[in-house]
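For the sequence shown, my numbering gives the first residue as 39, with consecutive numbering after it.
Where is the CB? At the ideal position from N, CA and C, for every residue including glycine.
Quantities reported herein were computed from a predicted structural model and do not represent experimental measurements.
Notes for the one structure printed next.
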Amino acid sequence: MKIPAMMMVIFGLFHLPVVFAAPAEPLRLTRADALELALGQNRDLRIARLEVDKSAQQVREAWSAVLPQVSAGFDYTRTIEPTVIYFPEFSGSQPTGTLIPLEISQDNAMSASLSLSQPIFNMQSFAAIRASSLARDISREAWRDALGSTVTAVSISYYNVLIADAQLELVRQSLQRWQQALGDTRALFAEGMVADIDTLKAHLSVENIRPDLLQAENRCASVRTELKNLLGLDPSVRLDLLDSLTWDGGPSPGQRLDELYQEAVQNRPDVRSMELQVEAEAARVGVARGERFPALSAFGQLQAQTQFDDGTALSDTDWPLTSSVGVSLSMPLFTGFRISAAVDQARISRMQAQTRLEQLKADVRADLEVRLASLSEARRRIEVQKTTIRTAERSYDISRLRLREGLGSRLELADAELQLQRARTNYLQAVYDYLVETVHMEASTGRNASGDSGMDR
Numbered sequence: 039m040k041i042p043a044m045m046m047v048i049f050g051l052f053h054l055p056v057v058f059a060a061p062a063e064p065l066r067l068t069r070a071d072a073l074e075l076a077l078g079q080n081r082d083l084r085i086a087r088l089e090v091d092k093s094a095q096q097v098r099e100a101w102s103a104v105l106p107q108v109s110a111g112f113d114y115t116r117t118i119e120p121t122v123i124y125f126p127e128f129s130g131s132q133p134t135g136t137l138i139p140l141e142i143s144q145d146n147a148m149s150a151s152l153s154l155s156q157p158i159f160n161m162q163s164f165a166a167i168r169a170s171s172l173a174r175d176i177s178r179e180a181w182r183d184a185l186g187s188t189v190t191a192v193s194i195s196y197y198n199v200l201i202a203d204a205q206l207e208l209v210r211q212s213l214q215r216w217q218q219a220l221g222d223t224r225a226l227f228a229e230g231m232v233a234d235i236d237t238l239k240a241h242l243s244v245e246n247i248r249p250d251l252l253q254a255e256n257r258c259a260s261v262r263t264e265l266k267n268l269l270g271l272d273p274s275v276r277l278d279l280l281d282s283l284t285w286d287g288g289p290s291p292g293q294r295l296d297e298l299y300q301e302a303v304q305n306r307p308d309v310r311s312m313e314l315q316v317e318a319e320a321a322r323v324g325v326a327r328g329e330r331f332p333a334l335s336a337f338g339q340l341q342a343q344t345q346f347d348d349g350t351a352l353s354d355t356d357w358p359l360t361s362s363v364g365v366s367l368s369m370p371l372f373t374g375f376r377i378s379a380a381v382d383q384a385r386i387s388r389m390q391a392q393t394r395l396e397q398l399k400a401d402v403r404a405d406l407e408v409r410l411a412s413l414s415e416a417r418r419r420i421e422v423q424k425t426t427i428r429t430a431e432r433s434y435d436i437s438r439l440r441l442r443e444g445l446g447s448r449l450e451l452a453d454a455e456l457q458l459q460r461a462r463t464n465y466l467q468a469v470y471d472y473l474v475e476t477v478h479m480e481a482s483t484g485r486n487a488s489g490d491s492g493m494d495r
């Protein structure tokens, strides 16, 4: 018996394997992975890198002022009305008083020239080269500053996600504990050991936790979005962070304030940039002062020109050559005090930059002192909260056991739950504060902007 073709098709369709679209795998990142990804994708870093490239071209432009300048030119002139000169008419040796017109121009004229100039001495140009080189170095420090800012922002954002996840887990644990307490209360109510109001209050305690759960979930989503934006990732990418918000109990910072200050002055890009700014302002004093000195340059020119009437082939024309060389010397004698005013302005700018540098160094020292105190405080809070958590866990276990045995009250359990939740939250916050302060300390000392900047690649 033959099976109709249509029946075979239907049978085959019902027996095709069912294929489900597998969800995209989450992007798993450690903090080091996140930093590496950010350094390759961050837009601020790309802008700073382009600024370095632009400043390098400005140095090349400044050098052009002391290099030879070669130019070529070509002119063509078409005579519309000829040039006429007049000569007196003579009869013998005596002028007759009549003027004879004579056309001296031809229909077409061409001229080709090649010019060369070479500055020999120009104090202002050499000072400008120095100033542009310092501007290039300042842009490199700006790149390092952007690098450090990116490292700091990504690290803190990474820790924000970690603490949001940890706080969400704490809320879930609290909800689970209240659900267990609700189950215990219902069991006691069934045995007639508690009143109906106790069961109702236990139920309300469970429901009151749910808004906290929603807020924690929303915060997790928000901080993840911020991190993905810093990393240059698509918002639809799922992130799975591999690090955890834990403290390994590492050694406390052993460096003293003076040692950290010296390290910061040497490494921080903003300090180095301000030092270069002071040098740049000093170079601008030289640029302004350079206008007082004479400028000496050499020049030369080679020119060929011809004239011919219509009907004459260009190959039949003559191109006589003329050439000349020379030197040019210029020196300002009086400029209405313009140069003196420009020099004084440049000196004032240099003093302003020096004052800003001194203020920045004072701010750096104060910032380091605050960071050291914050790190020490966070460490102490971690140690205290570790002990507090153990005590709160023990207190909660005892309160729950007393409630199950009918010896305790729901109020006693609620207080124990609150203390346990607070202890764990405070511990997480202390660890988070310690890790964030560590990141800020790295920024304050310039360590987050150290290493190979890749400026020579």
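The beta carbon of Arg168 sits closer than 8 Å to the beta carbons of Ala321, Gly324 from its chain, once the five residues preceding and following it are set aside; these are given in chain order.
For the options Arg81, Pro332, Ala110, the alpha carbon positioned closest to that of Leu271 is the one of Arg81.
For the set Gln423, Ala86, Ser155, the Cα lying nearest the Cα of Gly364 is the one of Ser155. Counting other Cβ atoms within 10 Å of its Cβ, Glu396 stays below 16 and is therefore classed as exposed. Note that the segment 452-466 touches the segment 422-442; at least 3 beta-carbon pairs, one per stretch, sit closer than 8 Å. Taking 8 Å as the cut-off, the beta carbon of Leu283 is found closer than this to the beta carbon of Ile201. Boundaries around Gln300 are those of the alpha helix (DSSP H), 295-305, since no beta strand (DSSP E) includes it. The C-alpha of Asp281 is placed about 38 Å away from the C-alpha of Leu441.
Distance from the CA of Ala103 to the CA of Pro157, rounded to the nearest whole angstrom, comes to 8 Å. Of the other Cβ atoms in all chains shown, 16 or more fall within 10 Å of the Cβ of Gly484; this residue is therefore buried. Beta-carbon to beta-carbon, Leu206 and Ala259 are separated by about 10 Å, too far to satisfy the 8 Å threshold. By the C-beta criterion, the segment 214-221 is judged not to be in contact with the segment 85-92, since fewer than 3 inter-stretch pairs fall below 8 Å. In this structure, DSSP gives Phe159 an extended state, which the three-state scheme calls strand. The way I'd put it, the segment 326-342 doesn't touch the segment 294-306; fewer than three beta-carbon pairs between them come closer than 8 Å. Rounded to the nearest angstrom, the Cβ distance from Ile247 to Leu208 is 11 Å, too far for a contact under 8 Å.
Arg330 carries a coil assignment under DSSP once its states are collapsed to helix, strand and coil. A straight-line Cα-Cα distance of about 33 Å links Leu371 and Ala110.
For Thr121, the closest C-alpha among the options Val97, Asp113, Ala147 is that of Ala147.
Looking at the DSSP output, Glu119 shares a beta bridge with no other residue.
An exposed status is given to Val275, since fewer than 16 other beta-carbon atoms sit within 10 Å of its beta-carbon. Judged by DSSP in its simplified three-state form, Val275 adopts coil rather than helix or strand. Under the three-state reduction of DSSP, Gly364 is assigned to strand. Distance from the Cα of Thr134 is smallest, within the candidate group Pro126, Ala351, Asp145, for Pro126. In this structure, Gly186 places its C-beta atom within 8 Å of the C-beta atom of Pro307.
Boundaries for Glu443: no beta strand (DSSP E) harbours it, and the DSSP string shows neither H nor E there.
Judged by DSSP in its simplified three-state form, Gln144 adopts coil rather than helix or strand.
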